[in-house]
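Peer 1:
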Amino acid sequence: MVNTLPHTRHLRRVTALLTLALALTTVAVFGAPRARAADTTRFISAVAPMAQQAQREFRVPASVSIAQSILESGWGTSSLAVYAHAYFGIKCKTDYASPYQLGCMDKSSLEYYDPNNPTPVVSAFRTYRSAGDSFSDHGYFLKNSSRYAAAFNYSSDPDNFIREVAKAGYATDPGYADYIIRLMRTYNLYAYDSASTTNQPVRVDGAIGDKYYAIGGPSSPLGFAIGGEVDGPVAGSRMTVFNKGILPWSPSGGAHPIMTEIWSHYRYSQSLREVLGPVTSDAYTTNSTLQQNFVGGRITRTNGSWNDVYGRIFVRWTALGADRGLLGMPTSTETAGPVAGSRMNRFAGGTIIWSPQTEAQALLPGISAWYWNLSTSDRRTIGIPRSAEYQVSGGIAQDFTGGTVYWRDGRAVMVYGTIGERYAALGGPSGQLGFPTRQEFGFNGGRVTDFGNGSIYWSPATGAQPVWSGINSWYRGRPPAVQSGLGLPSAVEQDAEVPGTRVQAYAGGRIYWYDLQAHSVYGSTGQKYAEFGGARSQLGRPTVEEYDIPGGRATGFEGGRIEFSWRDYSTRVILN
Numbered sequence: 002m003v004n005t006l007p008h009t010r011h012l013r014r015v016t017a018l019l020t021l022a023l024a025l026t027t028v029a030v031f032g033a034p035r036a037r038a039a040d041t042t043r044f045i046s047a048v049a050p051m052a053q054q055a056q057r058e059f060r061v062p063a064s065v066s067i068a069q070s071i072l073e074s075g076w077g078t079s080s081l082a083v084y085a086h087a088y089f090g091i092k093c094k095t096d097y098a099s100p101y102q103l104g105c106m107d108k109s110s111l112e113y114y115d116p117n118n119p120t121p122v123v124s125a126f127r128t129y130r131s132a133g134d135s136f137s138d139h140g141y142f143l144k145n146s147s148r149y150a151a152a153f154n155y156s157s158d159p160d161n162f163i164r165e166v167a168k169a170g171y172a173t174d175p176g177y178a179d180y181i182i183r184l185m186r187t188y189n190l191y192a193y194d195s196a197s198t199t200n201q202p203v204r205v206d207g208a209i210g211d212k213y214y215a216i217g218g219p220s221s222p223l224g225f226a227i228g229g230e231v232d233g234p235v236a237g238s239r240m241t242v243f244n245k246g247i248l249p250w251s252p253s254g255g256a257h258p259i260m261t262e263i264w265s266h267y268r269y270s271q272s273l274r275e276v277l278g279p280v281t282s283d284a285y286t287t288n289s290t291l292q293q294n295f296v297g298g299r300i301t302r303t304n305g306s307w308n309d310v311y312g313r314i315f316v317r318w319t320a321l322g323a324d325r326g327l328l329g330m331p332t333s334t335e336t337a338g339p340v341a342g343s344r345m346n347r348f349a350g351g352t353i354i355w356s357p358q359t360e361a362q363a364l365l366p367g368i369s370a371w372y373w374n375l376s377t378s379d380r381r382t383i384g385i386p387r388s389a390e391y392q393v394s395g396g397i398a399q400d401f402t403g404g405t406v407y408w409r410d411g412r413a414v415m416v417y418g419t420i421g422e423r424y425a426a427l428g429g430p431s432g433q434l435g436f437p438t439r440q441e442f443g444f445n446g447g448r449v450t451d452f453g454n455g456s457i458y459w460s461p462a463t464g465a466q467p468v469w470s471g472i473n474s475w476y477r478g479r480p481p482a483v484q485s486g487l488g489l490p491s492a493v494e495q496d497a498e499v500p501g502t503r504v505q506a507y508a509g510g511r512i513y514w515y516d517l518q519a520h521s522v523y524g525s526t527g528q529k530y531a532e533f534g535g536a537r538s539q540l541g542r543p544t545v546e547e548y549d550i551p552g553g554r555a556t557g558f559e560g561g562r563i564e565f566s567w568r569d570y571s572t573r574v575i576l577n
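For the sequence shown, the numbering used here gives the first residue as 2, with consecutive numbering after it.
1) Under a three-way DSSP split, which group does F578 fall into?
2) Just the C-alpha distance for Y285 and L291, rounded to the nearest angstrom, thanks.
3) Ignoring anything shorter than 3 residues or poking outside the region 342 to 391, list the beta strand (DSSP E) runs there in chain order.
4) Taking all protein chains shown into account, decide if I550 is buried (16 or more other Cβ within 10 angstroms of its Cβ) or exposed.
5) Here's the rule I'm using: 16 or more other beta-carbon atoms within 10 Å means buried, otherwise exposed. How should N577 be labelled?
6) Runs of 4 residues minimum, wholly inside the region 120 to 198: which ones carry the alpha helix (DSSP H) assignment?
7) In chain order, what residues of the same chain lie with their CB nearer than 7 Å to the CB of Y267, ignoring the 5 residues before and after it?
8) For G509, which residues of its own chain have a beta-carbon under 6 Å away from its beta-carbon, when the five flanking residues on both sides are left out?
9) Apply the 10 Å Cβ neighbour rule to A150 and answer buried if 16 or more other Cβ atoms are within range, or exposed otherwise.
10) Is it right to say T377 is buried, meaning 16 or more other beta carbons lie within 10 angstroms of its own, or is it exposed?
11) Tell me the rounded alpha-carbon separation between P219 and A49.
12) Counting C-beta neighbours from all protein chains within 10 Å, is the total for P366 16 or more, i.e. buried, or is it exposed?
13) Could you have a look at H266 and say whether DSSP puts it in helix, strand or coil?
14) By alpha-carbon positions, which one of I314, W307, V340 ends up nearest to G297?
15) Please look up how many angstroms separate the CB atoms of Q399 and I368, rounded, as I've assumed it's under 8 Å.
16) Quick one: give me the first and last residue of the alpha helix (DSSP H) that S74 is part of.
17) Could you check how far apart the C-beta atoms of A52 and I67 are, in whole angstroms? I think they sit under 8 Å.
18) I need the straight-line Cα distance from S124 to E73, nearest angstrom please.
19) Between the region 207 to 217 and the region 174 to 183, do three or more beta carbon pairs fall short of 8 Å?
20) Check whether the Cβ atoms of M330 and N304 lie closer than 8 Å to each other.
21) So, are the CB atoms of F1 and A47 less than 8 Å apart?
22) In whole angstroms, what separates the C-alpha of E390 from that of T438?
23) By the three-class DSSP mapping on this structure, what secondary structure does E546 have?
24) From P1 to Y372, what does the alpha carbon distance come to, in whole angstroms?
25) Where does T26 land, buried or exposed, given buried means 16+ other C-beta within 10 angstroms?
26) Using CA atoms only, rank isn't needed, just tell me which of A462, V493, Q495, I457 is closest to R477.
27) At the level of alpha carbons, what is the spacing between N294 and P279?
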């Protein structure tokens, strides 16, 4: 067996002393673990062409680049190498502009500012579109840093080149250069400094290999393989890392490539990888939207925006036909929902909102647009959906945590609170009141919601009381003074004391209904009428609304009238 690396304990010492590489040159060095001979051969064969290209562009010996990538990426197994195509751990710094950098990725590492007391620090590291860009950036970094200018006097002498790099402050360990030299000698990396050296593409085997060659092998968008098969992005999966993406395999999803564009999004978030689970399809494009399916969700990209759908929201979206259903394509990734603890995704045709109490519920076209046009206070009142839409008499309804929304003819009305409870008890849209027609509003010192065949009025003193069409139309048509005198209804309409008559009590009086007409008595007149015996008395039923008389007011009845005097606020009954 080929002698691979010295003992790991020595590697840790090397890493501990690379202080300036962390503090000054913005390079973090991660120790290389022991690797199997087959894996070392795969890795070296994969990265050698990229190191040789960087040598041609920047005059950094390929042998040096390969040896440093072995140390700093742990034979290509570090999370930066796997998920960021970063083989040299160059940190993101504003004073180091790079034409090769794609973005930044946070990674926790131990910083050895004091070799005896490592400090855990989360730092941002450069990420790349491909492994080749990482090698090019390494060469660019050394070539364009004046600190390392002396090293380029030895571009054809790898040993002295790395000695000058170390001497310039790349690392504080005086043995660092010797360690890199030992790697170069152990694996005969000097051979790669010759432009005539050629390498065979790394062979990819198994189910991953079958898929790789089926999509074109090295000529596919994945490019060439870097190293052997390793643990995949989610538990139980395996993958091979390529120059421009990965090809993972899982028992549940099979083998499917994650290409450069999606890979550049997917790789940065471990939580996203965990919630999405194994990949289940190749990438595809529908209606100009790039998509890829996973066991637990879908990644989509439209007009440059990543809109991920996953978890219970994904389950609901799928049940509704996904992008082929009424909701259509996602237009946002999952974000915080409208109430504390809720989550949501917006779609072209609506919204799905999830909470622990309601599960994931969809707002379909119509109600969704109405919901997001509500004021913040109204949206807080109605809450979030706790059911799907369902058919009711005359239209569609959807239950929310704070009430119910009814939809018909392009309009929505929300019914909630005590009025909503009374409406439901009266049969809702199938009851006598019919379908809601106007959202709750303030009226006569209380609140009211209108329906097709009446209204429900509420106040703290009277509770929620329904008023049917006849009396309701008359009541709402009265002058404000009459409405104020009557107040709000305090009981349900019922049979009056005389046949053929209905009566409804109000806080300040009563309304009688007979012969398709309504008549009211209220205030002092109403009290006198009740004391005299009401409709069963000689006065009978009211026939004429209160009117002016000299010095007072009067109300007409079948058998007479009641007069009110402004002089002493007295009332008297005058019979016919």
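Yeah, the Cβ is synthetic: ideal placement off N, Cα and C, and Gly gets one too.
Peer 2: According to the structure shown:
1) In the structure as shown, the chain starts at 2 and stops at 577, and residue 578 therefore has no counterpart that could be examined.
2) For this step, residue 285 is matched to residue 284 along the sequence shown. For this step, residue 291 is matched to residue 290 along the sequence shown. A straight-line Cα-Cα distance of about 6 Å links Y285 and L291.
3) The qualifying runs are 344 to 348, 351 to 356, 360 to 364.
4) If you number the sequence shown from 1, residue 550 lands on position 549. With a threshold of 16 other beta carbon atoms within 10 Å, I550 falls short and is exposed.
5) Translated into positions along the sequence shown, residue 577 becomes position 576. Per the 10 Å Cβ criterion, exposed.
6) Here the runs fully enclosed are 132 to 144, 159 to 166, 177 to 187.
7) Looking up residue 267 in the sequence shown gives position 266. For Y267, where only same-chain residues beyond five positions count, the Cβ hits under 7 Å are I259, L273, R274, I300.
8) If you number the sequence shown from 1, residue 509 lands on position 508. Listed in chain order, the non-local C-beta contacts of G509 below 6 Å within the same chain comprise G486, L487, G488, Y523, local neighbours out to five positions each way being set aside.
9) Position 149 of the sequence shown, counting from 1, holds the residue named residue 150. Here A150 is exposed: its Cβ has fewer than 16 other Cβ atoms, across all protein chains shown, within 10 Å.
10) Translated into the one-based positions of the sequence shown, residue 377 becomes position 376. T377 counts as exposed, since fewer than 16 other beta carbons sit within 10 angstroms of its beta carbon.
11) For the purposes of this step, residue 219 is taken as the residue at position 218 of the sequence shown. For the purposes of this step, residue 49 is taken as the residue at position 48 of the sequence shown. Using only the alpha carbons, I get a separation of about 15 Å.
12) Residue 366 sits at position 365 when you count from the first residue of the sequence shown. Classification for P366: exposed.
13) Against the sequence shown, residue 266 aligns to sequence position 265. Three-state DSSP puts H266 in a helix.
14) Sequence index remark: in the sequence shown, residue 297 carries index 296 (1-based). Of all alpha-carbon atoms in I314, W307, V340, the one lying nearest the alpha-carbon of G297 is that of I314.
15) Taking the sequence shown and counting its residues from 1, the one referred to as residue 399 is at position 398. Taking the sequence shown and counting its residues from 1, the one referred to as residue 368 is at position 367. I368 and Q399 do touch by the CB rule: their CB atoms are close to 6 Å apart, below 8 Å.
16) Counting from 1 along the sequence shown, the entry for residue 74 is found at position 73. S74 -> alpha helix (DSSP H) spans 63 to 74.
17) Position 51 of the sequence shown, counted from the first residue, corresponds to residue 52. Position 66 of the sequence shown, counted from the first residue, corresponds to residue 67. Between I67 and A52 the Cβ distance is about 5 Å, and since that is below 8 Å, they are a contact.
18) Translated into the one-based positions of the sequence shown, residue 124 becomes position 123. Translated into the one-based positions of the sequence shown, residue 73 becomes position 72. As the crow flies, the alpha-carbon of S124 is around 15 Å from that of E73.
19) Flag = no, the region 207 to 217 and the region 174 to 183 do not touch.
20) For the purposes of this step, residue 330 is taken as the residue at position 329 of the sequence shown. For the purposes of this step, residue 304 is taken as the residue at position 303 of the sequence shown. Not closer than 8 Å, so no.
21) Since the displayed the chain opens at 2 and closes at 577, residue 1 lies outside it and no answer follows.
22) One-based indexing of the sequence shown puts residue 390 at position 389. One-based indexing of the sequence shown puts residue 438 at position 437. Approximately 18 Å between the Cα atoms of the pair.
23) Locating residue 546 in the sequence shown gives position 545, where the first residue counts as 1. In this structure, E546 counts as strand in the three-state DSSP scheme.
24) The chain is shown only over 2 to 577; residue 1 falls outside these bounds and no answer can be derived.
25) Counting from 1 along the sequence shown, the entry for residue 26 is found at position 25. With a pLDDT of only 38 at T26, under the threshold of 50, the placement of this residue in the model should not be trusted, and no figure is reported.
26) Position 476 of the sequence shown holds residue 477. Ranked by how close their Cα comes to the Cα of R477, the residues A462, V493, Q495, I457 have I457 in first place.
27) The residue given as residue 294 occupies position 293 in the sequence shown. The residue given as residue 279 occupies position 278 in the sequence shown. N294 and P279 have their C-alpha atoms some 9 Å from each other.
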